[in-house]
Each structure stands twice: as structure tokens, then as C-alpha cells.
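Beneath this line is the structure, given in C-alpha cells, with notes to follow.
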Amino acid sequence: MPSVFSPLFNGRLEPIAYSLLRLCFGIIMVTHGVPKLLGEAHGSMADPLAASANLIGNVLHLPAADTLALLVALLEGVGGALLALGLGTRLLAAMMAVQMAVISYLLGPTWPWIDRGIEYPVLMLFLAGYIVFRGAGRYSLDHRLHCRR
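Numbering-wise (numbering that gives the first Met the number 0), the sequence shown opens with residue 0 and increments by one.
Pasting the structure below:
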């Protein structure tokens with residue numbers, strides 16, 4: 000049954016709502032990347048970049064853990080800002096989806112976030128996936144650049 004609000008939400012407000020969703024997702028990613036890049040504490044982590052490098056090297060057993068941790072910090076900090084603006088949206092969201100999938104795998108099988116579980120990264124994974132499929136949206140730099148061609 001159609002709602003009284005359907006024309007309003009499906010027409011004029013939907014692109015704005017989606018842009019706000021993309022903006023908030025990008026800002027949340029920035030709040031995780033900037034402390035790593037600046038060497039500042041983040042939550043209970045005194046050195047989040049070192050914690051990321053430790054996770055990459057000692058849990059995932061990947062080489063060049065420090066370099067990969069820096070790339071993660073750049074994805075979150077710089078990539079999050081670009082995603083918020085809607086520039087390089089699909090590529091950045093895909094990279095963030097992979098990151099959230101890895102984090103979910105590492106934190107599992109505990110579900111509740113309060114117990115360091117995977118609720119939050121799973122939500123971020125699906126949000127990133129949605130952005131990959133949906134694209135940047137009308138109110139984005141990707142849209143503006145594409146329309147100028």
C-alpha cells in the first residue's frame with residue numbers, strides 16, 4: 000500500500016538521504032584513519048597504527064605489516080574523506096568492504112560489539128557493499144565529473 004510520504008521520499012528526498020548515508024559512512028571511516036595517521040590514541044588503543052600493524056603481522060601473518068597498516072590508515076583517513084565527497088566512490092567502497100570483511104573474520108565468531116564482536120564491522124561491510132552497487136549518487140563529485148563529459 001503506497002504511503003502518503005512515498006512521492007516525497009522516492010522523488011526529492013531519496014538522493015539527499017543517500018548522500019547523507021555516504022557522507023556519514025565516509026566520516027566514520029575518517030575518524031578511524033586520522034588517529035592512525037597522526038599517531039594519536041583512539042578509544043582504548045594508545046597507538047592504533049601499531050595495533051593495526053600487530054594485527055596484520057601477527058594474526059594475518061602478512062609481510063610488510065607496517066606498510067600495510069599505513070595503507071589501511073590512508074584508506075580510512077584519505078579514502079574516507081574522498082568517499083564522503085563522492086569521489087572514487089565505488090573503488091573506495093569496495094576496498095573498505097574487503098577491509099570490513101577481514102576485520103569481521105578476525106573478530107569472529109563473537110557477535111556482540113560490546114565483547115569485541117563483529118556487529119559493527121558487519122554493518123559497515125554491508126553498507127560499503129551497498130555503496131559499491133549504488134554508486135556515488137546525484138550529490139557527489141563523481142556525478143559532477145561524469146556529467147561534464
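Just so you know, even glycine gets a beta-carbon here, dropped at the ideal spot from N, CA and C.
- Using a C-beta cut-off of 8 Å, the stretch 118-133 makes no contact with the stretch 61-76, since fewer than three inter-stretch Cβ pairs fall below that distance.
- With respect to the 9 Å criterion, G85 and S139 are classified as neighbours on the basis of their beta carbons.
- G107 counts as exposed, since fewer than 16 other C-beta atoms from the protein chains shown sit within 10 angstroms of its C-beta.
- Shortest Cα-Cα distance from A135 to any of Y17, E39 and E13 involves Y17.
- In the structure shown, the three-state DSSP call for H60 is coil.
- A distance below 9 Å separates the beta carbons of A52 and L67.
- The residue among A80, R21 and Q98 with its C-alpha nearest the C-alpha of V121 is Q98.
- Residue pairing by DSSP places H41 opposite M44 in a beta bridge.
- Here the alpha carbon of N57 sits roughly 49 Å from the alpha carbon of R11.
- A distance below 6 Å between beta-carbons, with the five flanking residues on each side excluded, links A80 to the following residues of its chain, in chain order: V29.
- For L140, the enclosing alpha helix (DSSP H) starts and ends at L140 to R147.
- Of the candidates L36, L82 and T88, L82 places its Cα closest to the Cα of G25.
- With a 10 Å radius around the Cβ and a threshold of 16 neighbouring Cβ atoms, S103 comes out buried.
- The Cβ atoms of V131 and A100 lie no closer than 9 Å to each other.
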